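Here is the structure we will look at, set down as C-alpha coordinates.
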Amino acid sequence: MFLRAAALVPAEHYALAALAVLSVIGYRFLELHVLGDLLRGFRGGRVDLVFHPASEIYHCVASKCRSLHGRYLVTPWLASPHLQTLFLGIGRPPSFTYNRQLYTVRDGGTVALDWFLASDLEDGIISQDASTPLVVVVPGLTSDSDSAYVKHLVHSMARKGWNVVVSNHRGLGGVSITSDCLYNGGWTDDVREIINYLHHKYPEAPIFCVGTSIGANILVKYLGEEGENTPVAGAASICNPWDLVVGDRFISRKLVQRIYDRALSFGLKGYAKLHQPVLARLANWEGIKKSRSIREFDHHATCIVAKYETVDTYYRRCSSASYVGTVSVPLLCVSALDDPLCTREAIPWDECRANKKIILATTPNGGHLAFFEGLTAGRLWWVRAVSEFLSALHDSSYMHRQKAEDHVLHSSLESSIDKSPYVNFLGDGMVAPATDDGPVNDGPPCSQIVNELKLNNGVSGTQQNEHAKEAEIKSGIQVDAVPDQSPAGSEKQQGEKANKIHDAIAPVKRSINRLTRYQGRSVWLLAYISFVTSWPLLGSLAFIVFRKKFRNPLSAK
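Just so we're aligned, residue 1 is where the sequence shown starts under full-length UniProt numbering, counting upward by one.
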(Lines of atoms letter the chains of each structure in order from A and count residues from 1; the text may use other names and numbers.)
(Lines give C-alpha, C1' and ligand atoms only; values in the text may rest on other atoms or scores of the structure.)
Protein backbone atom coordinates (compact mmCIF):
# COMPACT_ATOMS: atom_id res chain seq x y z
CA MET A 1 0.00 0.00 0.00
CA PHE A 2 2.72 2.42 0.93
CA LEU A 3 4.63 1.85 -2.30
CA ARG A 4 1.48 2.26 -4.35
CA ALA A 5 0.68 5.54 -2.61
CA ALA A 6 4.24 6.75 -3.09
CA ALA A 7 4.07 5.93 -6.78
CA LEU A 8 1.04 8.19 -7.17
CA VAL A 9 3.06 11.24 -6.04
CA PRO A 10 4.42 13.20 -9.01
CA ALA A 11 8.18 13.15 -9.55
CA GLU A 12 8.26 16.96 -9.44
CA HIS A 13 7.22 16.85 -5.81
CA TYR A 14 10.11 14.52 -4.96
CA ALA A 15 12.49 16.82 -6.79
CA LEU A 16 11.21 19.84 -4.85
CA ALA A 17 11.52 17.95 -1.56
CA ALA A 18 15.08 16.87 -2.38
CA LEU A 19 15.94 20.43 -3.34
CA ALA A 20 14.52 21.70 -0.06
CA VAL A 21 16.52 19.16 1.95
CA LEU A 22 19.71 19.98 0.07
CA SER A 23 19.07 23.68 0.61
CA VAL A 24 18.76 23.20 4.35
CA ILE A 25 21.91 21.07 4.45
CA GLY A 26 23.82 23.60 2.35
CA TYR A 27 22.54 26.46 4.48
CA ARG A 28 23.82 24.76 7.63
CA PHE A 29 27.05 23.54 6.04
CA LEU A 30 28.01 26.97 4.66
CA GLU A 31 26.81 28.65 7.88
CA LEU A 32 24.73 31.13 5.92
CA HIS A 33 23.07 33.91 7.92
CA VAL A 34 21.19 35.79 5.22
CA LEU A 35 17.83 34.93 6.83
CA GLY A 36 19.03 36.25 10.16
CA ASP A 37 20.23 39.44 8.50
CA LEU A 38 16.85 39.76 6.80
CA LEU A 39 14.96 39.36 10.07
CA ARG A 40 17.16 42.02 11.67
CA GLY A 41 16.43 44.38 8.81
CA PHE A 42 20.00 44.20 7.48
CA ARG A 43 21.24 46.32 10.38
CA GLY A 44 24.32 44.18 10.87
CA GLY A 45 25.86 42.78 14.02
CA ARG A 46 27.03 44.91 16.91
CA VAL A 47 30.77 45.25 17.50
CA ASP A 48 31.54 44.04 21.03
CA LEU A 49 34.51 45.63 22.79
CA VAL A 50 36.44 44.08 25.67
CA PHE A 51 38.77 46.37 27.61
CA HIS A 52 39.91 47.31 31.10
CA PRO A 53 37.47 49.71 32.81
CA ALA A 54 40.32 52.13 33.57
CA SER A 55 41.89 51.87 30.12
CA GLU A 56 43.00 55.26 28.82
CA ILE A 57 43.46 53.70 25.38
CA TYR A 58 39.74 53.05 25.23
CA HIS A 59 38.52 56.33 26.73
CA CYS A 60 40.90 58.55 24.76
CA VAL A 61 41.59 56.59 21.55
CA ALA A 62 39.12 53.80 20.78
CA SER A 63 36.15 55.92 21.82
CA LYS A 64 36.87 58.17 18.82
CA CYS A 65 36.65 55.31 16.31
CA ARG A 66 33.20 55.15 14.71
CA SER A 67 33.80 51.68 13.28
CA LEU A 68 34.32 50.22 16.74
CA HIS A 69 31.09 51.71 18.10
CA GLY A 70 28.77 50.87 15.24
CA ARG A 71 27.59 47.75 13.49
CA TYR A 72 29.17 45.58 10.85
CA LEU A 73 26.90 44.52 7.99
CA VAL A 74 28.16 41.74 5.76
CA THR A 75 27.82 42.04 1.99
CA PRO A 76 24.41 40.37 1.48
CA TRP A 77 25.52 37.94 -1.23
CA LEU A 78 28.51 36.90 0.92
CA ALA A 79 26.50 36.14 4.07
CA SER A 80 28.67 33.19 5.07
CA PRO A 81 32.12 32.98 6.67
CA HIS A 82 33.17 30.45 4.05
CA LEU A 83 31.97 32.54 1.12
CA GLN A 84 33.78 35.58 2.53
CA THR A 85 37.00 33.68 3.08
CA LEU A 86 36.78 32.14 -0.40
CA PHE A 87 36.03 35.46 -2.09
CA LEU A 88 39.09 36.98 -0.39
CA GLY A 89 41.26 35.04 -2.84
CA ILE A 90 39.28 35.84 -5.99
CA GLY A 91 38.25 39.44 -5.37
CA ARG A 92 39.86 42.47 -6.99
CA PRO A 93 42.20 44.31 -4.60
CA PRO A 94 43.63 47.78 -5.32
CA SER A 95 46.26 47.78 -8.06
CA PHE A 96 49.67 49.34 -7.39
CA THR A 97 53.37 48.47 -7.52
CA TYR A 98 55.76 48.00 -4.60
CA ASN A 99 59.38 49.04 -4.34
CA ARG A 100 61.37 46.04 -3.12
CA GLN A 101 64.28 46.10 -0.70
CA LEU A 102 66.18 42.91 0.17
CA TYR A 103 67.33 42.93 3.77
CA THR A 104 69.85 40.42 5.08
CA VAL A 105 69.33 39.46 8.71
CA ARG A 106 72.11 38.51 11.11
CA ASP A 107 72.08 34.78 10.44
CA GLY A 108 72.35 35.28 6.68
CA GLY A 109 68.66 34.93 5.88
CA THR A 110 66.99 37.23 3.37
CA VAL A 111 63.77 39.13 4.00
CA ALA A 112 61.93 40.98 1.23
CA LEU A 113 60.70 44.41 2.33
CA ASP A 114 58.07 45.71 -0.09
CA TRP A 115 57.58 49.48 0.25
CA PHE A 116 54.63 51.58 -0.79
CA LEU A 117 54.87 55.27 0.10
CA ALA A 118 52.13 57.84 0.14
CA SER A 119 54.07 59.72 -2.53
CA ASP A 120 53.73 56.67 -4.81
CA LEU A 121 50.00 57.29 -5.21
CA GLU A 122 48.95 58.57 -8.59
CA ASP A 123 47.26 61.65 -7.19
CA GLY A 124 50.23 62.47 -4.92
CA ILE A 125 47.99 64.52 -2.66
CA ILE A 126 50.02 64.45 0.55
CA SER A 127 53.45 65.89 1.30
CA GLN A 128 55.79 63.97 3.55
CA ASP A 129 58.61 64.64 5.96
CA ALA A 130 60.87 62.67 8.29
CA SER A 131 58.11 62.30 10.90
CA THR A 132 55.63 60.60 8.56
CA PRO A 133 54.24 57.51 10.32
CA LEU A 134 55.46 54.13 9.12
CA VAL A 135 53.30 51.00 9.14
CA VAL A 136 54.95 47.56 9.18
CA VAL A 137 52.69 44.74 7.94
CA VAL A 138 53.32 41.10 8.92
CA PRO A 139 51.33 38.77 6.59
CA GLY A 140 49.74 35.44 7.45
CA LEU A 141 50.71 31.85 6.76
CA THR A 142 52.05 31.42 3.18
CA SER A 143 50.86 34.97 2.39
CA ASP A 144 52.98 37.81 1.08
CA SER A 145 52.64 41.41 -0.07
CA ASP A 146 50.58 40.38 -3.12
CA SER A 147 47.75 38.94 -1.01
CA ALA A 148 44.45 40.74 -1.53
CA TYR A 149 43.85 41.70 2.10
CA VAL A 150 47.41 43.03 2.43
CA LYS A 151 46.90 45.26 -0.61
CA HIS A 152 43.64 46.59 0.83
CA LEU A 153 45.44 47.59 4.04
CA VAL A 154 48.53 49.02 2.32
CA HIS A 155 46.50 51.15 -0.09
CA SER A 156 44.22 52.45 2.67
CA MET A 157 47.10 53.54 4.92
CA ALA A 158 48.98 55.13 2.01
CA ARG A 159 45.91 57.21 1.14
CA LYS A 160 46.07 58.62 4.67
CA GLY A 161 49.57 59.87 3.94
CA TRP A 162 51.45 57.13 5.78
CA ASN A 163 54.32 55.03 4.49
CA VAL A 164 53.85 51.26 4.49
CA VAL A 165 56.32 48.39 4.31
CA VAL A 166 55.38 44.71 4.12
CA SER A 167 57.85 42.42 5.87
CA ASN A 168 57.51 39.15 3.96
CA HIS A 169 58.40 35.92 5.69
CA ARG A 170 61.56 34.07 4.73
CA GLY A 171 61.19 32.18 1.50
CA LEU A 172 58.04 34.05 0.47
CA GLY A 173 57.56 36.90 -1.96
CA GLY A 174 59.77 35.24 -4.57
CA VAL A 175 62.90 35.24 -2.38
CA SER A 176 65.07 32.19 -1.82
CA ILE A 177 65.99 30.82 1.59
CA THR A 178 69.63 31.78 2.14
CA SER A 179 70.18 30.32 5.62
CA ASP A 180 69.28 27.24 7.60
CA CYS A 181 66.56 29.03 9.58
CA LEU A 182 62.90 28.89 8.54
CA TYR A 183 60.06 31.05 9.77
CA ASN A 184 57.23 29.57 11.83
CA GLY A 185 54.28 30.66 13.96
CA GLY A 186 56.46 31.88 16.81
CA TRP A 187 59.56 33.15 14.97
CA THR A 188 59.91 36.73 16.22
CA ASP A 189 63.57 37.34 15.38
CA ASP A 190 62.91 38.71 11.89
CA VAL A 191 60.20 41.10 13.10
CA ARG A 192 62.41 42.27 15.95
CA GLU A 193 65.40 42.92 13.71
CA ILE A 194 63.35 44.62 10.96
CA ILE A 195 61.66 46.94 13.46
CA ASN A 196 64.98 47.85 15.09
CA TYR A 197 66.49 48.49 11.66
CA LEU A 198 63.63 50.76 10.62
CA HIS A 199 63.69 52.59 13.94
CA HIS A 200 67.39 53.38 13.65
CA LYS A 201 67.10 54.35 10.01
CA TYR A 202 64.03 56.56 10.53
CA PRO A 203 64.29 57.65 14.19
CA GLU A 204 61.74 60.47 13.88
CA ALA A 205 59.01 58.36 12.27
CA PRO A 206 56.57 56.64 14.66
CA ILE A 207 56.34 52.94 13.84
CA PHE A 208 53.03 51.08 13.86
CA CYS A 209 52.63 47.35 13.24
CA VAL A 210 49.74 45.30 11.85
CA GLY A 211 49.78 41.50 11.95
CA THR A 212 47.29 39.23 10.21
CA SER A 213 46.48 35.61 11.04
CA ILE A 214 49.73 33.81 11.96
CA GLY A 215 51.50 37.15 11.48
CA ALA A 216 49.28 38.52 14.27
CA ASN A 217 50.42 35.68 16.52
CA ILE A 218 54.05 36.54 15.76
CA LEU A 219 53.44 40.25 16.36
CA VAL A 220 51.66 39.83 19.71
CA LYS A 221 54.32 37.37 20.87
CA TYR A 222 57.03 39.86 19.93
CA LEU A 223 55.28 42.69 21.79
CA GLY A 224 54.91 40.50 24.87
CA GLU A 225 58.57 39.49 24.76
CA GLU A 226 59.81 43.06 24.45
CA GLY A 227 57.45 44.72 26.91
CA GLU A 228 58.40 48.37 27.29
CA ASN A 229 61.61 48.00 25.31
CA THR A 230 60.17 48.24 21.80
CA PRO A 231 60.07 51.20 19.41
CA VAL A 232 56.55 50.27 18.23
CA ALA A 233 54.13 53.12 18.97
CA GLY A 234 50.94 51.11 18.37
CA ALA A 235 49.79 47.85 16.83
CA ALA A 236 46.83 45.88 15.54
CA SER A 237 46.21 42.13 15.54
CA ILE A 238 43.72 40.78 12.99
CA CYS A 239 42.25 37.25 13.20
CA ASN A 240 44.91 36.01 15.58
CA PRO A 241 44.83 32.23 16.26
CA TRP A 242 46.03 33.03 19.83
CA ASP A 243 46.36 29.43 21.08
CA LEU A 244 47.90 27.10 18.49
CA VAL A 245 47.01 23.98 20.46
CA VAL A 246 43.32 24.90 20.57
CA GLY A 247 43.45 25.93 16.92
CA ASP A 248 44.97 22.60 15.94
CA ARG A 249 42.16 20.72 17.69
CA PHE A 250 39.52 22.97 16.12
CA ILE A 251 40.75 22.72 12.54
CA SER A 252 40.54 18.92 12.63
CA ARG A 253 37.14 18.74 14.32
CA LYS A 254 34.55 19.14 11.55
CA LEU A 255 34.45 18.31 7.86
CA VAL A 256 34.54 21.91 6.65
CA GLN A 257 37.49 22.71 8.93
CA ARG A 258 39.34 19.65 7.66
CA ILE A 259 38.89 21.00 4.15
CA TYR A 260 40.63 24.21 5.20
CA ASP A 261 43.34 22.16 6.88
CA ARG A 262 43.95 20.23 3.68
CA ALA A 263 44.04 23.42 1.60
CA LEU A 264 46.56 25.08 3.92
CA SER A 265 48.74 21.97 3.90
CA PHE A 266 48.81 22.17 0.09
CA GLY A 267 50.04 25.75 0.40
CA LEU A 268 52.75 24.71 2.83
CA LYS A 269 53.87 21.88 0.55
CA GLY A 270 54.02 24.35 -2.34
CA TYR A 271 56.21 26.57 -0.18
CA ALA A 272 58.42 23.58 0.59
CA LYS A 273 58.76 22.62 -3.08
CA LEU A 274 60.04 26.10 -3.88
CA HIS A 275 62.89 25.50 -1.43
CA GLN A 276 63.34 21.75 -1.82
CA PRO A 277 67.18 21.80 -1.75
CA VAL A 278 67.17 23.41 1.70
CA LEU A 279 64.29 21.45 3.23
CA ALA A 280 65.48 18.14 1.82
CA ARG A 281 68.72 18.70 3.72
CA LEU A 282 67.25 20.04 6.96
CA ALA A 283 63.92 18.21 7.34
CA ASN A 284 62.13 14.97 6.49
CA TRP A 285 61.39 15.54 2.81
CA GLU A 286 59.49 12.29 2.28
CA GLY A 287 57.25 13.11 5.23
CA ILE A 288 56.68 16.63 3.90
CA LYS A 289 55.51 15.29 0.54
CA LYS A 290 53.01 12.98 2.27
CA SER A 291 51.69 15.64 4.65
CA ARG A 292 47.92 16.08 4.46
CA SER A 293 47.46 18.53 7.33
CA ILE A 294 49.24 21.44 8.97
CA ARG A 295 50.10 19.27 11.95
CA GLU A 296 51.80 16.65 9.78
CA PHE A 297 53.80 19.35 7.99
CA ASP A 298 54.91 20.83 11.31
CA HIS A 299 55.89 17.36 12.49
CA HIS A 300 58.11 16.65 9.47
CA ALA A 301 59.47 20.16 8.88
CA THR A 302 59.02 22.78 11.61
CA CYS A 303 59.80 20.60 14.62
CA ILE A 304 62.88 19.06 12.99
CA VAL A 305 64.39 22.37 11.85
CA ALA A 306 63.52 24.22 15.06
CA LYS A 307 64.46 21.31 17.34
CA TYR A 308 61.10 21.03 19.10
CA GLU A 309 60.42 17.71 20.82
CA THR A 310 56.79 17.43 19.69
CA VAL A 311 54.27 19.39 17.68
CA ASP A 312 52.31 20.30 20.82
CA THR A 313 55.52 21.61 22.40
CA TYR A 314 55.98 23.89 19.41
CA TYR A 315 52.36 25.03 19.57
CA ARG A 316 52.46 25.76 23.31
CA ARG A 317 55.71 27.71 23.23
CA CYS A 318 54.67 29.78 20.24
CA SER A 319 51.10 30.67 21.24
CA SER A 320 50.74 34.42 21.68
CA ALA A 321 47.99 34.04 24.32
CA SER A 322 50.73 33.42 26.88
CA TYR A 323 52.28 36.83 26.15
CA VAL A 324 49.18 39.05 26.30
CA GLY A 325 49.81 40.08 29.90
CA THR A 326 53.19 41.68 29.15
CA VAL A 327 52.13 43.71 26.11
CA SER A 328 52.90 47.38 26.84
CA VAL A 329 51.96 48.86 23.47
CA PRO A 330 48.44 50.11 22.59
CA LEU A 331 47.00 47.15 20.73
CA LEU A 332 43.74 46.66 18.84
CA CYS A 333 42.70 43.02 18.39
CA VAL A 334 39.96 42.20 15.86
CA SER A 335 38.37 38.76 15.58
CA ALA A 336 35.23 37.34 13.96
CA LEU A 337 33.27 34.87 16.04
CA ASP A 338 32.47 32.83 12.93
CA ASP A 339 36.09 32.61 11.78
CA PRO A 340 36.39 29.17 10.11
CA LEU A 341 40.13 28.93 10.89
CA CYS A 342 40.69 30.73 14.21
CA THR A 343 38.10 29.62 16.74
CA ARG A 344 36.60 31.88 19.38
CA GLU A 345 37.56 29.25 21.97
CA ALA A 346 41.19 30.39 21.75
CA ILE A 347 40.53 34.12 22.36
CA PRO A 348 42.08 35.18 25.72
CA TRP A 349 39.09 37.23 26.89
CA ASP A 350 40.17 37.69 30.52
CA GLU A 351 43.81 38.43 29.67
CA CYS A 352 42.76 41.14 27.21
CA ARG A 353 40.37 42.64 29.76
CA ALA A 354 43.10 42.73 32.40
CA ASN A 355 45.60 44.62 30.19
CA LYS A 356 44.94 48.37 30.04
CA LYS A 357 46.74 48.63 26.69
CA ILE A 358 44.55 46.18 24.78
CA ILE A 359 41.20 46.69 23.06
CA LEU A 360 39.53 43.49 21.84
CA ALA A 361 36.86 43.97 19.17
CA THR A 362 34.74 41.00 18.07
CA THR A 363 31.99 40.80 15.46
CA PRO A 364 29.42 38.02 14.97
CA ASN A 365 30.41 37.62 11.31
CA GLY A 366 33.40 38.35 9.12
CA GLY A 367 35.12 35.10 8.20
CA HIS A 368 38.90 34.89 8.19
CA LEU A 369 40.55 38.21 7.27
CA ALA A 370 37.56 39.11 5.09
CA PHE A 371 34.92 41.38 6.70
CA PHE A 372 33.59 42.49 3.30
CA GLU A 373 31.10 45.35 3.35
CA GLY A 374 29.08 47.20 0.73
CA LEU A 375 27.04 45.80 -2.13
CA THR A 376 30.11 45.42 -4.35
CA ALA A 377 32.33 43.95 -1.60
CA GLY A 378 34.97 46.52 -2.45
CA ARG A 379 35.97 47.34 1.13
CA LEU A 380 37.14 45.43 4.20
CA TRP A 381 35.65 46.55 7.51
CA TRP A 382 38.72 45.65 9.57
CA VAL A 383 40.94 47.82 7.36
CA ARG A 384 38.74 50.81 8.16
CA ALA A 385 38.75 49.99 11.87
CA VAL A 386 42.55 49.66 11.98
CA SER A 387 43.00 52.89 10.03
CA GLU A 388 40.75 54.81 12.43
CA PHE A 389 42.41 53.33 15.52
CA LEU A 390 45.99 54.02 14.41
CA SER A 391 45.09 57.54 13.25
CA ALA A 392 43.40 58.36 16.56
CA LEU A 393 46.37 56.91 18.45
CA HIS A 394 48.81 58.96 16.37
CA ASP A 395 46.85 62.15 17.08
CA SER A 396 46.76 61.44 20.83
CA SER A 397 49.41 61.52 23.53
CA TYR A 398 49.14 57.79 24.24
CA MET A 399 51.55 56.44 21.67
CA HIS A 400 54.06 54.10 23.24
CA ARG A 401 57.53 55.48 23.87
CA GLN A 402 60.44 53.12 24.12
CA LYS A 403 61.55 52.78 27.71
CA ALA A 404 65.26 52.28 27.02
CA GLU A 405 66.82 53.49 23.79
CA ASP A 406 69.43 51.16 22.37
CA HIS A 407 71.33 52.63 19.43
CA VAL A 408 73.23 49.44 18.66
CA LEU A 409 71.58 46.73 16.58
CA HIS A 410 71.33 43.45 18.46
CA SER A 411 73.74 40.75 17.55
CA SER A 412 72.46 37.36 16.43
CA LEU A 413 73.86 35.83 19.63
CA GLU A 414 72.60 38.52 22.01
CA SER A 415 69.32 39.09 23.83
CA SER A 416 67.29 39.75 20.69
CA ILE A 417 67.77 36.15 19.63
CA ASP A 418 67.60 34.30 22.91
CA LYS A 419 64.00 35.43 23.42
CA SER A 420 62.93 33.50 20.32
CA PRO A 421 62.55 29.76 19.91
CA TYR A 422 65.99 29.45 18.26
CA VAL A 423 69.17 30.59 19.97
CA ASN A 424 72.12 28.24 19.66
CA PHE A 425 73.86 28.07 16.31
CA LEU A 426 75.57 24.71 15.81
CA GLY A 427 78.53 23.88 13.67
CA ASP A 428 76.47 22.71 10.71
CA GLY A 429 74.34 25.84 10.63
CA MET A 430 71.38 24.36 12.51
CA VAL A 431 69.74 26.13 15.41
CA ALA A 432 68.52 24.85 18.75
CA PRO A 433 65.36 25.87 20.66
CA ALA A 434 65.40 28.24 23.59
CA THR A 435 64.77 26.99 27.10
CA ASP A 436 62.43 29.81 28.10
CA ASP A 437 58.80 28.78 28.04
CA GLY A 438 57.21 32.17 28.41
CA PRO A 439 57.66 35.83 29.12
CA VAL A 440 58.67 37.28 32.44
CA ASN A 441 56.58 40.01 33.95
CA ASP A 442 58.80 42.53 35.62
CA GLY A 443 55.90 44.32 37.24
CA PRO A 444 55.11 48.02 37.11
CA PRO A 445 57.87 50.60 36.78
CA CYS A 446 59.48 51.93 39.94
CA SER A 447 58.33 55.46 39.20
CA GLN A 448 54.72 54.27 39.13
CA ILE A 449 55.13 52.55 42.49
CA VAL A 450 56.70 55.66 44.01
CA ASN A 451 53.92 57.87 42.68
CA GLU A 452 51.28 55.54 44.09
CA LEU A 453 52.98 55.54 47.46
CA LYS A 454 53.10 59.33 47.42
CA LEU A 455 49.41 59.58 46.57
CA ASN A 456 48.27 56.94 49.04
CA ASN A 457 50.37 57.96 52.01
CA GLY A 458 50.61 61.68 51.42
CA VAL A 459 54.36 61.65 52.09
CA SER A 460 56.59 64.23 50.45
CA GLY A 461 59.78 63.39 48.60
CA THR A 462 62.05 64.68 51.35
CA GLN A 463 60.22 62.65 54.00
CA GLN A 464 60.57 59.53 51.87
CA ASN A 465 64.28 60.15 51.49
CA GLU A 466 64.62 60.54 55.27
CA HIS A 467 62.70 57.32 55.87
CA ALA A 468 64.86 55.57 53.28
CA LYS A 469 68.04 56.78 54.97
CA GLU A 470 66.78 55.61 58.37
CA ALA A 471 65.92 52.22 56.88
CA GLU A 472 69.40 51.96 55.36
CA ILE A 473 71.01 52.83 58.71
CA LYS A 474 68.87 50.28 60.54
CA SER A 475 69.58 47.60 57.99
CA GLY A 476 73.28 48.38 58.17
CA ILE A 477 73.26 48.00 61.95
CA GLN A 478 71.44 44.69 61.68
CA VAL A 479 73.83 43.35 59.08
CA ASP A 480 77.04 44.52 60.72
CA ALA A 481 76.09 43.61 64.28
CA VAL A 482 77.68 40.44 65.70
CA PRO A 483 75.20 38.10 67.42
CA ASP A 484 75.77 37.25 71.07
CA GLN A 485 77.17 33.73 71.46
CA SER A 486 76.57 33.39 75.24
CA PRO A 487 73.80 31.09 76.62
CA ALA A 488 71.89 34.06 77.95
CA GLY A 489 72.15 35.67 74.57
CA SER A 490 70.93 32.51 72.84
CA GLU A 491 67.94 32.26 75.24
CA LYS A 492 67.19 35.90 74.56
CA GLN A 493 67.33 35.28 70.81
CA GLN A 494 65.03 32.26 71.15
CA GLY A 495 62.58 34.35 73.13
CA GLU A 496 62.67 37.05 70.47
CA LYS A 497 62.06 34.42 67.78
CA ALA A 498 59.10 33.03 69.71
CA ASN A 499 57.66 36.53 70.08
CA LYS A 500 58.09 37.14 66.37
CA ILE A 501 56.37 33.84 65.55
CA HIS A 502 53.53 34.71 67.93
CA ASP A 503 53.20 38.16 66.36
CA ALA A 504 53.11 36.59 62.92
CA ILE A 505 50.52 33.96 63.88
CA ALA A 506 48.24 36.32 65.80
CA PRO A 507 46.75 38.03 62.69
CA VAL A 508 46.14 34.62 61.13
CA LYS A 509 44.30 33.43 64.25
CA ARG A 510 42.19 36.58 64.27
CA SER A 511 41.33 36.10 60.61
CA ILE A 512 40.36 32.44 61.20
CA ASN A 513 38.14 33.36 64.14
CA ARG A 514 36.52 36.11 62.11
CA LEU A 515 35.89 33.74 59.20
CA THR A 516 34.38 31.21 61.62
CA ARG A 517 31.97 33.79 62.97
CA TYR A 518 31.09 34.93 59.46
CA GLN A 519 30.56 31.33 58.40
CA GLY A 520 28.16 30.72 61.28
CA ARG A 521 26.21 33.83 60.39
CA SER A 522 26.18 32.81 56.74
CA VAL A 523 24.75 29.39 57.58
CA TRP A 524 21.88 30.90 59.57
CA LEU A 525 21.32 33.50 56.86
CA LEU A 526 21.14 30.78 54.19
CA ALA A 527 18.73 28.78 56.36
CA TYR A 528 16.50 31.84 56.74
CA ILE A 529 16.59 32.56 53.00
CA SER A 530 15.76 28.95 52.11
CA PHE A 531 12.86 28.91 54.61
CA VAL A 532 11.40 32.19 53.32
CA THR A 533 11.74 31.26 49.65
CA SER A 534 10.35 27.74 50.07
CA TRP A 535 7.49 28.67 52.45
CA PRO A 536 4.91 29.39 49.71
CA LEU A 537 5.49 25.98 48.15
CA LEU A 538 5.52 24.15 51.49
CA GLY A 539 2.40 26.03 52.60
CA SER A 540 0.56 25.07 49.44
CA LEU A 541 1.50 21.41 49.85
CA ALA A 542 0.42 21.42 53.52
CA PHE A 543 -2.90 23.04 52.62
CA ILE A 544 -3.60 20.39 49.98
CA VAL A 545 -2.69 17.53 52.29
CA PHE A 546 -4.73 18.73 55.28
CA ARG A 547 -7.69 19.61 53.07
CA LYS A 548 -7.84 16.03 51.82
CA LYS A 549 -7.60 14.66 55.38
CA PHE A 550 -10.38 16.88 56.68
CA ARG A 551 -12.56 16.25 53.62
CA ASN A 552 -12.66 12.46 54.16
CA PRO A 553 -14.09 12.53 57.76
CA LEU A 554 -16.68 15.14 56.76
CA SER A 555 -17.88 13.05 53.83
CA ALA A 556 -18.12 9.97 56.09
CA LYS A 557 -20.26 11.86 58.60
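Glycine residues also receive a C-beta, built at the ideal position from the N, C-alpha and C atoms.
Here the structure is a predicted model, which is why all the values come from computation and not from measurement.
Closest option to F250, judged by alpha-carbon separation, among E345, S391, L264: E345. I358: not part of any alpha helix (DSSP H); member of the beta strand (DSSP E) spanning 358-363, first to last residue. The alpha-carbon of S322 is positioned some 35 Å away from that of L117. Residue pairing by DSSP leaves Y202 without any beta bridge partner. The C-beta distance from P81 to A336 rounds to 7 Å, short enough to fall under 8 Å.
Under the three-state reduction of DSSP, A62 is assigned to helix. In the structure shown, the three-state DSSP call for E122 is coil.
For F87, same chain residues with a beta-carbon under 8 Å away, outside a window of 5 residues either side, are L78, A370, F372, A377 in chain order.
Contact check for V210 against N168 fails: the beta carbons are separated by 8 Å or more. Along the length of the region 68-156, whole beta strand (DSSP E) runs at least 3 residues long occupy 99-104, 110-116, 134-138, reported in chain order. Inter-residue distance for S391 and G325 is about 25 Å (C-alpha atoms, whole angstroms). Distance from the Cα of A354 is smallest, within the candidate group A205, S328, C65, for S328. The straight-line gap separating the alpha-carbon atoms of S397 and P53 is approximately 19 Å. Here C65 has A385, E388, F389, A392 as same chain residues with Cβ atoms under 7 Å from its own Cβ, once five neighbours each way along the sequence are excluded.
Assignment of E351 by DSSP, reduced to helix, strand and coil, places it in the helix class. V191 carries a helical assignment under DSSP once its states are collapsed to helix, strand and coil. Between the region 303-312 and the region 219-239 there are fewer than three inter-stretch CB-CB distances shorter than 8 Å, so the stretches are not counted as touching.
A check of alpha carbon separations from A130 across L198, I177, G171 identifies L198 as the nearest.
For E228, the three-state secondary structure derived from DSSP is coil. Note on L153: 16 or more other CB atoms within 10 angstroms of its CB, so buried under the neighbour-count rule. If you look at I294, you'll find it in the alpha helix (DSSP H) that goes 294-297. Remark: C-beta atoms of K356 and L331 do not approach each other more closely than 8 Å.
By the 16-neighbour rule on beta-carbons within 10 angstroms, S252 is exposed. Contact annotation: H368 and T85 have beta-carbon atoms nearer than 8 Å. Among the bridge pairs identified by DSSP, S335 is matched with T362. Spatial neighbours of G287 in its own chain (CB-CB distance under 6 Å, excluding positions within 5 residues in sequence) are listed in chain order as H300. By the 16-neighbour rule on beta-carbons within 10 angstroms, S95 is exposed. The region 219-233 and the region 272-282 do not touch, with fewer than 3 CB-CB distances between them shorter than 8 Å. The alpha carbon of C352 has as its nearest neighbour, out of T343, V334, R281, D338, the alpha carbon of V334. By DSSP's assignment, A236 forms a beta bridge with V210, L332.
DSSP, reduced to helix, strand and coil, places D37 within a helical segment of the structure shown.
At a Cβ-Cβ threshold of 8 Å, P133 and H394 count as neighbours.
V74 and D37 do touch by the CB rule: their CB atoms are close to 7 Å apart, below 8 Å. When beta bridges are read from the DSSP output, E373 appears opposite R379. A straight line joining the alpha-carbon of V105 with that of D190 spans about 7 Å. A straight-line Cα-Cα distance of about 9 Å links C181 and L282.
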